[in-house]
Structures are given as C-alpha cells and as structure tokens.
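Sequence lines, in order, name chains A and B. Quick note on this note's numbering: the first sequence kicks off at 3 and runs consecutively. Quick note on this note's numbering: the second sequence kicks off at 205 and runs consecutively. Think of the CB as a built atom: it goes at the ideal place given N, C-alpha and C, for glycine as much as any other residue. Note that this is a predicted model, so its numbers are computed, not measured. Notes follow once the structure below has been shown.
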Amino acid sequence: MTAAIEAVNVTKVYRKYARKKQFATLKSALLSGSLVSELRPDEAFEALRGVSFTVPKGCTYGVVGRNGSGKSTLLKCVAGITKPTTGSVTVEGRISALIELGAGFHPEISGRENVFINGIMLGLTKREIQKRFDEIVEFAEMKDFIDAPVKTYSSGMYVRLGFAVAIHVDPEVLLVDEVLAVGDQGFTVKCLDKFSEFRRRNKTILLVTHSLDLVEKFCDQALWLDKGKTRGEGDPKRVVTAYIVDVEKAEEQQLAKEEARRVAHAATDAPPAAAEQTQNPVETAEAPADMFKATEGRWGSRELEVTAVTIVDAAGTPAHVFQSGAPLTVRIGFRAHEPMRDFVFGFGIFNADGVCCYGTNTNIDELEPDRMSGEGEVRFVIDRLDLVEGTYTFDVAAHKLDGFPYDYHRQLYTIRVKARRKDVGIYRPPHRWEVTGDVTFRAPGSGFRRGDDDDPQR
Amino acid sequence: MFHHLRALLKYRGLIQTLVMRDLTARYRGSVLGFFWSFFNPLLLMAVYTFVFTVIMPGAHPVDIQPYGLFFFCGILPWTWFSSSLTESANVLISGGNLIKKVLFPAEVLPIVSVLANLAHFILGLPILAALLIYYQRPLDPLELLWFPVILVVQFFFTTGLALLLAALTVHFRDIKDILANMLTLWFFSTPIIYSIQMAPPSYRWVLNLNPMTHLAISYQEVLFHVGPHGHWKWLLALGAGSVVVFLAGYFVFDRLRDSFAEEV
C-alpha cells in the first residue's frame with residue numbers, strides 16, 4: 003500500500019507576539035526567506051514538535067487532541083498553506099482542504115459567480131465546474147438563492163455552498179478540519195454520506211475533529227496530538243480511549259483545584275455569615291424548599307464540625323470524575339467538640355441547574371442518634387451512581403434533629419459524571435430494550451457507514 | 205524562482221477570473237456601474253483643466269494646446285500605475301483569508317490588481333480617442349505601433365514594484381501610509397501636468413532619473429505631439445530596466461512567500 007500523506011519529524015515554530023519585531027538586515031532576510039531574525043527560545047512557540055505519521059492511500063485518518071494541541075497547524079502543513087520549520091510533508095495527489103469553507107467568497111457577487119471563482123481557486127477548470135455546477139447547487143440546497151449576492155446569505159448557506167464546492171473538487175486527498183458542526187442534522191448526514199462515498203472510492207481523508215464518536219466509527223487509524231507531540235497512534239478505539247482517560251485526568255485535577263479553593267474560601271469567609279445564618283437556623287437547614295436554592299457556602303455553630311469531605315471511587319482513591327453507574331463513596335470526617343446525643347448527618351446531590359437530584363440524611367434513613375464524641379468518619383456509600391453525564395455538586399451537613407445546623411457545607415464539592423451514551427435527563431435507571439415481532443437492530447456503530455462496502459447487507 | 209514563474213502561466217485562468225471578479229464587484233451596487241471607469245478620468249481631467257486654464261492660465265506654455273488632451277495622455281497611465289501600487293500594498297493583508305486558509309498562489313493577488321487597473325486604463329482609451337477626434341488631431345499609425353510597447357514596459361515596471369510592495373507591506377505595515385505621500389511626490393516629479401521642457405534645465409537630470417518621466421513622455425510623444433517618436437531610446441532602455449525591476453520584485457516576493465501565512 004502506498005502512502006498518500008507522509009509527514010516526517012514535522013516541527014513548526016511560531017513567533018510569539020512581541021511589541022517590537024527583531025528585524026534582520028534585508029540581505030540576511032532575502033537569504034533566509036524571513037525578515038525576522040533568528041528566534042530566541044523565549045519568543046518561540048512550538049506548535050508541533052517532531053510529529054511523524056504516514057497515511058496509506060485510501061485510509062481515513064483521524065486526528066484528535068485538545069484545543070491548542072497543534073491539530074490545525076498539522077493540517078495546514080499537510081495542505082501546504084504553511085511550511086514546517088523542520089521536517090517534511092509529502093502528499094500524493096490533488097488535495098482539497100475543508101479548513102475554512104467559502105474562504106474566497108466575494109460578498110458582492112452572486113453565489114453562481116462565486117462557485118466558479120472558488121472552484122478555479124481550488125484547481126478546477128471552468129469546464130469541470132460547468133459540468134458539476136448543478137450537482138454542487140443541489141448538494142448545497144441552494145437552488146433558489148444561487149443568483150443572489152453572497153452577502154445576503156445566512157452563515158449556514160455560506161458554509162454549505164463552500165462545502166459543496168470543496169467536496170466536488172474531487173480530490174485524491176481530502177483534509178477536513180472540524181467542519182461537520184456547521185449544518186443542520188440533514189446536512190451533516192449528507193456530508194457523512196459524501197465521506198463514505200470517498201472512502202468507497204479509495205480516497206484518502208485526514209479528519210481533524212472533536213467528535214470522538216466520529217473518529218471511532220469512521221476512521222481506520224487515529225493520531226492523538228498533545229501539546230504538539232504525538233501521544234498515541236493506531237487503532238482509533240484505543241487512541242480515543244487513551245485520549246478520554248487523559249482528558250478525565252486533567253478534568254480531575256481541575257476539579258480538585260477548584261474544590262480546594264472553594265473549601266478554603268468557605269472556611270475563611272464563613273464565620274460572620276454563619277453568625278447571621280444562625281439567627282433563623284431551623285428553616286435554613288432542613289426545609290425542603292431551601293434545598294432548591296443553590297448557593298455555595300458553609301455555616302453552622304460548629305459544635306460538631308465536618309473536618310474533611312473526600313469523594314472516593316471503588317478503589318478508595320480520591321476522585322472527581324466518575325463513569326455513570328460506577329460506585330462512589332463520600333467520606334465525611336467529623337470532630338465533636340463535646341459528647342453529644344442530638345446529631346444527624348445529611349447528604350444531597352444537585353445538578354448544574356441547581357436541581358436537587360437526591361437528598362437524604364441519617365434521620366430520614368431511620369438511624370437514631372445515640373451518642374458521639376471525639377473524631378471519626380461517616381461514609382455515604384453509593385453502589386451505582388446512575389446519573390446521566392454532567393456536573394454535580396454535593397451538600398454535606400451535620401445538624402440537630404430539629405434542623406439546627408452544626409456545620410452545613412452547601413455545594414462545596416463537585417464531581418463530573420461521564421457517559422459514552424448521550425442520554426438526557428438526570429437519572430439513568432438500569433434498563434434494556436426488548437422487542438417482539440419482526441424487528442431487528444444492527445450492531446452499534448454500523449449505522450454511520452451507510453452504503454459502505456464493508457457492510458455485508460449490501 | 206523561475207520554476208515558480210512558469211507556474212504563473214498555469215494560473216492564467218485563475219488570474220483572468222479574479223480580474224473579472226474585481227471589475228464586476230467594484231461597481232456592483234452603483235447606479236452608473238462600468239461608466240465610472242470612463243467618468244473618473246474625465247472628471248479628473250476636468251478638474252485639472254479648470255485649474256490650469258481658468259485659475260492659473262499662465263502656468264503652462266502656449267505650445268501645449270489643448271491642455272486637457274495633454275493632461276489626459278499623462279494622467280490615464282499614471283492612474284493605472286498609482287492605483288495598482290496602492291491596491292497591491294494592501295492586497296495580501298485584505299486577502300489574508302485566502303493565504304491563511306486556502307492553498308493559494310499569493311503572487312496572483314498583486315498581479316490581479318495591476319491587471320484590473322490596466323482594464324480601467326483600457327476602458328479610458330475610448331475617451332482619449334473621442335478627445336483626439338474632438339480636437340481633430342490625427343495620429344500617425346506608424347507611431348501608434350509604439351503604444352503597445354509602452355504598455356508592456358509600464359506593465360513590467362508596475363508589476364515588479366507591486367510584487368515588492370505587496371511582500372514588504374506584510375512585514376512593514378508602515379509602507380501603506382508612506383506610499384500615499386510618496387505617490388503624490390512622484391506624481392509631481394513626473395511631467396504630467398507640465399511638460400519636461402518647463403522644468404529648469406539644471407533639474408532636468410533629476411526628472412530623467414524617474415522612470416515614469418520616460419513613460420509619460422512616450423505617451424505624450426505618441427498621442428499628443430506631432431512628429432516622430434523621438435524618445436524611443438529612453439523607452440527601450442527603460443524596457444530593459446523594467447524587466448530587471450520585475451525580476452527583482454518577484455525575487456523578493458518569492459523569498460518572503462513562506463512568511464505570508466503567518467504574518468498577515
């Protein structure tokens with residue numbers, strides 16, 4: 003199998019914005035091809051650092067990575083729009099780059115004229131465009147507006163027309179940068195169909211996207227870029243999984259940092275506020291109406307103090323990112339400043355909208371307080387966290403049976419629930435679908451490859 | 205570099221389309237449309253003729269009569285030259301989207317500017333013809349053969365400077381502002397509103413250093429003055445110089461090409 007795209011050790015260095023440029027002499031500028039003198043290390047930004055990969059002919063190759071990881075720079079290097087600082091990129095065959103759609107459109111002239119001009123810019127001849135013109139207009143769904151000036155188009159029309167022209171250039175190598183997010187559902191399906199057609203005709207596609215589903219279902223191989231370096235390459239499922247794990251790890255750190263800041267903030271700011279709150283303590287702590295008021299904070303008399311709240315996963319390690327359906331335990335460390343007989347521990351989950359998803363306490367769960375003194379730990383154990391994907395905050399509280407707060411932590415703790423299925427709502431009950439009659443479903447994932455060769459049904 | 209120059213031939217379809225786009229888009233939405241290509245030089249001529257025949261009637265010698273025709277022979281090519289340079293200085297920056305997002309031969313843009321303005325120049329020629337008929341000044345057909353030669357010389361000279369300016373402006377935005385004033389100075393250093401004979405003899409060598417002087421004189425010799433084209437030696441020398449200017453402009457442009465996508 004021959005390589006359609008071959009990138010060897012590609013490094014791209016950009017100059018950071020500086021108030022004054024360091025001009026070289028004109029002579030050295032003309033010799034080196036740059037008017038700017040050699041970059042000092044502190045002025046340079048390496049968008050790509052030694053990235054190498056090979057895309058065989060006919061392969062659909064996905065590139066994933068966080069914002070700023072160098073994906074678009076890589077695509078521009080492959081497209082030939084910028085040259086790598088060191089290293090080389092070779093591409094076999096005609097390229098069409100779907101980077102910015104309709105980049106060459108002139109607003110004053112009609113869609114029809116712009117299709118011709120854009121087509122010629124992309125390397126077609128007038129006759130070729132003439133031949134494909136109807137097809138282009140049909141694909142863009144622009145029949146009624148093709149003779150109106152482009153400046154009157156909506157942004158969707160603009161991009162659809164740009165996409166239609168670019169895709170009808172009939173390239174050997176198609177470069178796609180995050181352009182599927184532009185149209186409505188119907189148009190996106192059409193684009194995917196067009197890509198499938200490309201695949202079937204053994205064309206090469208390089209796809210940069212944040213849609214991991216698309217990479218998993220559509221690509222033959224994938225590359226994961228992180229801060230300009232290759233972090234993984236190969237089977238898309240494996241690469242995507244590794245990428246997701248890494249993203250969750252970063253999210254975890256981010257949440258941990260935020261939580262530490264919030265708890266510290268509540269601890270220092272709380273006392274005056276707490277004094278006010280205790281003026282009418284009974285209503286604040288337990289009245290269900292108040293449970294829907296979502297403001298973070300900490301208050302209470304602190305005779306019984308919640309000293310530490312740790313959310314841990316199944317293995318007992320502190321975590322902030324959980325898969326939907328995974329077990330979760332909230333460890334509540336406390337210290338009683340005097341022996342006491344009147345105490346209740348409470349717990350509540352709120353979603354990002356501030357809706358209380360669940361709330362309970364030891365009293366509701368019919369655990370009669372007997373006695374406590376000194377330090378200890380209460381654990382709230384959830385066997386299955388059956389929530390849909392989203393960010394949730396926790397309330398943790400210690401109070402009297404009548405609701406008088408000892409130590410109330412309102413929404414100080416945040417977790418993120420992750421799910422591969424994009425179901426909606428709040429609660430995901432364990433469920434399955436059963437059918438009787440002449441109904442069959444295909445295996446997950448095959449739906450995207452409508453009309454594809456590897457589909458045995460056709 | 206010569207490899208790239210050859211590729212330029214491949215882009216002639218693209219250049220042609222873009223010139224057409226420039227011409228159609230420019231007057232889209234205006235009532236008179238294409239007629240502005242005729243009216244603009246005509247109005248400019250009216251203004252200068254008014255100044256130099258009504259306000260300052262003594263400012264030009266009697267041997268350049270009619271003054272309006274003389275001025276028109278110079279201002280028409282000058283407008284081509286100066287508009288081309290002004291537009292080229294800006295063309296890479298305003299076309300930044302193309303350079304950054306599409307694989308696009310950047311040198312096409314300044315060349316399109318020069319050609320679009322050439323088209324306006326050519327659209328102004330019927331007015332010149334009308335003036336010649338009105339003033340009953342027959343042209344020598346043999347002398348008229350020089351006209352395309354002058355055109356080609358001016359094209360290469362203008363394109364060379366356009367490429368140079370386009371490439372340098374990407375890095376030094378100041379050029380845009382300097383250029384407007386430079387062109388005003390340049391305009392008055394070129395015998396367009398006056399004839400070369402009116403300049404003090406001690407300064408004539410300065411004017412002779414100005415390439416536009418020889419282009420203007422050539423146009424005047426062919427279109428205005430009676431008698432043979434006596435300036436052809438200067439013109440041919442300038443022709444050789446223009447090719448050098450063109451190659452130098454293209455060389456600089458080519459060397460800086462890779463920096464455009466990052467700098468615009």
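Just measuring C-alpha positions, the residue of L322/B, Q269/B, A333/B, W438/B sitting nearest T283/B is L322/B. Legend: CB atoms of the region 94 to 115 of chain A lying less than 8 angstroms from CB atoms of chain B belong to residues I97, A99, I101, E102, A105, G106, H108, E110, I111, E115.
Per DSSP, the beta-bridge partners of C358/A are F352/A.
Within the region 236 to 310 of chain B, the runs of alpha helix (DSSP H) that reach at least 4 residues and sit entirely inside it are, in chain order, 240 to 254, 271 to 298, 300 to 305. Per DSSP, the continuous beta strand (DSSP E) segment holding I97/A begins and ends at 97 to 100. Taking 8 angstroms as the cut-off, the Cβ atoms of S286/B and I354/B do not count as close. When secondary structure is reduced to three states using DSSP, G302/A falls in the coil class, being assigned neither helix nor strand.
Under the 8 angstroms criterion on CB atoms, G350/A is classed as non-interfacial with respect to chain B. A distance below 8 angstroms separates the beta carbons of L257/A and R418/A. Neighbourhood of Y16/A in chain B, by CB distance below 7 angstroms: E466, in chain order. Close CB contacts of T13/A within its chain, under the 7 angstroms cut and outside five residues either way in sequence, are with E48, L50, R51, G52, P86, T87, T88, G89 (chain order). Contacts between I169/A and chain B, judged by CB atoms closer than 8 angstroms, are missing: the closest CB pair is about 15 angstroms apart. Using a C-beta cut-off of 8 angstroms, the region 403 to 415 of chain B makes no contact with the region 376 to 386 of chain B, since fewer than three inter-stretch Cβ pairs fall below that distance.
Within the same chain, Cβ atoms closer than 8 angstroms to the Cβ of L248/B are found at I279, T283, the five residues on either side in sequence being excluded. DSSP places Y408/A in the strand class (E or B) of the three-state scheme. In this structure, the beta-carbon distance from F450/B to F325/B does not fall below 8 angstroms.
Annotation: the continuous beta strand (DSSP E) that includes E48/A extends over 46 to 58. For E291/B, the closest C-alpha among the options R341/B, K380/B, G453/B is that of K380/B. When C-alpha distances from E94/A are compared across K73/A, V311/A, K205/A, the shortest belongs to K205/A. Under the criterion of beta carbons closer than 8 angstroms, V242/A and V210/A do not qualify as touching, at roughly 14 angstroms.
Under DSSP, the beta-bridge partners assigned to S112/A are P151/A. Legend: CB atoms of the region 56 to 82 of chain A lying less than 8 angstroms from CB atoms of chain B belong to residues K78, A81, G82.
The contact set of A229/B on chain A, defined by CB atoms closer than 8 angstroms, consists of H108, E110, I111 in chain order.
Taking the Cβ atoms as the reference, M144/A lies roughly 6 angstroms from L163/A, within the contact range of under 8 angstroms. When Cβ-Cβ separations below 8 angstroms define contact, R216/B makes no contact with chain A. If you check the CB distance, M159/A and F147/A come in under 8 angstroms. Straight across, the Cα-Cα distance linking V374/B with V398/A is about 60 angstroms. Checking the DSSP bridge columns, you'll see W226/A partnered with V66/A, G234/A.
For M159/A, the nearest beta carbon of chain B is not closer than 8 angstroms to its own beta carbon. The region 332 to 346 of chain A makes contact with the region 377 to 388 of chain A, as at least three CB pairs between them are under 8 angstroms. The C-alpha of P329/A is placed about 26 angstroms away from the C-alpha of R263/A.
When C-beta atoms of the region 289 to 304 of chain B are compared with those of the region 357 to 372 of chain B, three or more pairs fall below 8 angstroms, so the two segments count as touching.
Close partners of V306/B in chain A (Cβ separation under 8 angstroms): I83, A99, I101, E102, A105, G106, M123, L124.
DSSP places Q340/B outside both helix and strand once states are collapsed to three, so it counts as coil.
Contacts with chain A at 8 angstroms (Cβ-Cβ) do not include D381/B. By alpha-carbon distance to I122/A, the top candidate from V167/A, R68/A, M342/A, A252/A is V167/A.
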